[in-house]
Amino acid sequence: MKALTFHGPETLRVESVPDPVVEAPTDVLVRVELTAICGSDLHVYHGREVGQDPGTTMGHEFLGEIVEVGSAVSSFAAGDVVVSPFSTSCGACFFCERGLTARCESGAVYGWVSDGVGLQGAQAEYVRVPLADSTLVRAPADLPRELVLLAGDVLSTGWFCAESGGVGPGCTVAVLGCGPVGLMAVLAARELGAERVLAIDSIPERLALAERFGAVSVDFSAVDPLEFVRAETAGRGADVVLEVVGSPVATRLAADIARVGGTISAAGVHTEATFAFSPVEAYDKNLTYTAGRCSARRYVERVLEVVRERRVDLGELVSHRLPLAEGVRGYEVFDRKLEGCTKVLLAP
Ligand SMILES: NC(=O)c1ccc[n+]([C@@H]2O[C@H](COP(=O)([O-])OP(=O)(O)OC[C@H]3O[C@@H](n4cnc5c(N)ncnc54)[C@H](O)[C@@H]3O)[C@@H](O)[C@H]2O)c1
Ligand SMILES: [Zn+2]
Ligand SMILES: [Zn+2]
Numbered sequence: 003m004k005a006l007t008f009h010g011p012e013t014l015r016v017e018s019v020p021d022p023v024v025e026a027p028t029d030v031l032v033r034v035e036l037t038a039i040c041g042s043d044l045h046v047y048h049g050r051e052v053g054q055d056p057g058t059t060m061g062h063e064f065l066g067e068i069v070e071v072g073s074a075v076s077s078f079a080a081g082d083v084v085v086s087p088f089s090t091s092c093g094a095c096f097f098c099e100r101g102l103t104a105r106c107e108s109g110a111v112y113g114w115v116s117d118g119v120g121l122q123g124a125q126a127e128y129v130r131v132p133l134a135d136s137t138l139v140r141a142p143a144d145l146p147r148e149l150v151l152l153a154g155d156v157l158s159t160g161w162f163c164a165e166s167g168g169v170g171p172g173c174t175v176a177v178l179g180c181g182p183v184g185l186m187a188v189l190a191a192r193e194l195g196a197e198r199v200l201a202i203d204s205i206p207e208r209l210a211l212a213e214r215f216g217a218v219s220v221d222f223s224a225v226d227p228l229e230f231v232r233a234e235t236a237g238r239g240a241d242v243v244l245e246v247v248g249s250p251v252a253t254r255l256a257a258d259i260a261r262v263g264g265t266i267s268a269a270g271v272h273t274e275a276t277f278a279f280s281p282v283e284a285y286d287k288n289l290t291y292t293a294g295r296c297s298a299r300r301y302v303e304r305v306l307e308v309v310r311e312r313r314v315d316l317g318e319l320v321s322h323r324l325p326l327a328e329g330v331r332g333y334e335v336f337d338r339k340l341e342g343c344t345k346v347l348l349a350p
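Using the working numbering, the first residue of the sequence shown is number 3, and each one after it goes up by one.
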């Protein structure tokens with residue numbers, strides 16, 4: 003089959019790889035109909051996240067049709083159209099039972115293989131899904147497949163970020179980063195009752211989408227975001243900061259614009275070894291910091307309900323729809339934010 007594979011920083015290829023097979027009785031094989039490129043793929047692409055084996059198939063966001071099921075799979079059959087959270091989970095271990103499916107003792111993130119251990123990605127014609135019964139979610143037939151795909155990561159992660167930050171009625175929320183996940187965090191913050199959402203980025207198309215999703219946009223290349231947030235909050239700072247970038251600069255800014263007693267909820271993936279703010283700053287501001295991988299399995303059905311009830315309008319989040327064969331260009335366009343790129347879908 004054809005797959006988009008990693009061969010070192012900024013070196014990707016679409017090439018022929020062996021077809022995946024059912025390896026365990028709890029596996030299924032999915033023929034990928036739609037897959038997406040995520041900001042998390044960019045950390046691997048740039049070599050910030052180190053250890054990915056050359057030849058690994060990239061990607062963790064997908065929707066497709068089941069073509070083969072292992073003998074122990076009971077909830078799904080060939081022909082079912084499914085969406086997957088970006089990591090697999092058993093549903094029964096210590097962490098799954100506590101809702102931390104992203105840290106399942108036997109789970110894995112698609113598209114990450116290091117020293118031969120891990121799970122191949124979904125930017126391919128077929129993908130193997132372990133622990134299928136407890137991982138997959140049937141795609142509702144009445145919803146557009148592109149929106150269903152978004153529930154597997156960006157929509158769930160935006161919700162997770164806002165909810166972890168304790169966003170509620172009356173809050174002033176600052177969202178750092180208006181990529182797909184930040185934009186979904188804007189939506190989630192509005193849904194959870196935030197009074198004001200200040201969305202900070204420098205990319206005009208993304209800031210325009212943030213406004214469409216209910217935020218006041220702040221272009222940090224033109225306006226000092228710290229001064230802007232202070233001016234909007236009687237000098238105090240934001241009640242909640244949703245950090246959806248994944249860089250020390252963003253962490254630093256988050257600590258500056260959070261108010262005393264405020265919360266920073268970081269969905270950005272971090273690869274640095276130290277914090278960009280100090281324990282004394284955290285102490286002096288009574289800050290709460292919460293972070294980590296989204297347990298998307300907990301959110302998929304819930305965010306699909308929100309989409310179904312049309313409580314949110316995902317509008318034009320998807321800017322590019324390309325064949326898998328153009329996947330390498332898809333990465334370049336998404337990474338460099340060319341052609342007004344906000345989100346790239348690939349169709350194998
Ligand atoms: N926690 C999770 O489970 C999870 C899941 C999905 C994605 N992520 C992470 O979320 C982050 C965002 O993902 P994405 O797909 O939206 O990526 P993206 O790269 O498209 O978006 C990042 C955005 O941040 C903006 N930005 C850069 N520096 C900034 C700064 N200092 N202040 C404000 N904005 C800044 C960029 O212009 C860009 O629009 C990534 O780090 C990704 O790895 C985490
Ligand atoms: Zn992702
Ligand atoms: Zn588990």
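Every residue, glycine too, gets a C-beta built ideally from N, C-alpha and C. Being a predicted model, the structure only gives us computed values, none of them experimental.
Which listed residue (the options) has its alpha carbon closest to that of residue i
i: V282; options: G329, V262 and A176; result: V262
i: F78; options: I68, S86, V85 and P87; result: I68
i: S73; options: T265, E35, L133 and T273; result: L133
i: F8; options: S116, S91 and V309; result: S116
i: R232; options: A260, I205 and P250; result: A260
i: F88; options: G61, E99 and L102; result: G61
i: S219; options: V177, L44 and V305; result: V177
i: G113; options: V150, G53 and G101; result: G53
i: P250; options: F279, F222, G237 and G264; result: F279
i: Y285; options: F230, G264, E12 and P11; result: G264
Boundaries (first-last residue) of the beta strand (DSSP E) holding residue i
i: G329; result: Taken as a continuous stretch (DSSP letters only), G329 belongs to no beta strand (DSSP E), being part of the alpha helix (DSSP H) at G329 to R338.
i: I259; result: Run containing I259: none in the beta strand (DSSP E); it sits in the alpha helix (DSSP H), P250 to I259.
i: V243; result: A240 to E245
i: Y291; result: T290 to A293
i: G120; result: V119 to L121
i: A284; result: From DSSP, A284 is part of no beta strand (DSSP E) but of the alpha helix (DSSP H) over P281 to K287.
i: S116; result: W114 to S116
i: V175; result: T174 to L178
i: L209; result: Element bounds for L209: not the beta strand (DSSP E) but the alpha helix (DSSP H), P206 to R214.
Span of the alpha helix (DSSP H), counted from its first residue to its last, around residue i
i: D135; result: A134 to T137
i: A191; result: P182 to E193
i: T159; result: V156 to S166
Anticipated Cβ contact below 8 angstroms, residue i with residue j, distance rounded
i: G154; j: V302; result: 6 angstroms
i: V271; j: A38; result: Rounded, the Cβ-Cβ distance is 16 angstroms, inconsistent with contact.
i: L6; j: Q122; result: Rounded, the Cβ-Cβ distance is 11 angstroms, inconsistent with contact.
i: V16; j: L340; result: Not confirmed; about 19 angstroms, so no contact.
i: V175; j: L244; result: 6 angstroms
i: R331; j: A349; result: 14 angstroms between Cβ atoms; not a contact.
Beta carbon of residue i nearer than 8 angstroms to that of residue j
i: E193; j: V314; result: yes
i: A293; j: A256; result: no
i: V188; j: G216; result: yes
i: C296; j: T137; result: no
i: L228; j: M186; result: no
i: G41; j: V183; result: yes
Residue i Cβ short of 7 angstroms to ligand 4 heavy atom set
i: D337; result: Looking for ligand 4 in the displayed structure turns up nothing; the ligands present are ligand 1, ligand 2 and ligand 3.
Quick one: complete alpha helix (DSSP H) runs, 4+ long, within the stretch 18-62? Positions of the alpha helix (DSSP H) runs, each at least 4 residues long and wholly inside the stretch 18-62, are given as 41-47 in order along the chain.
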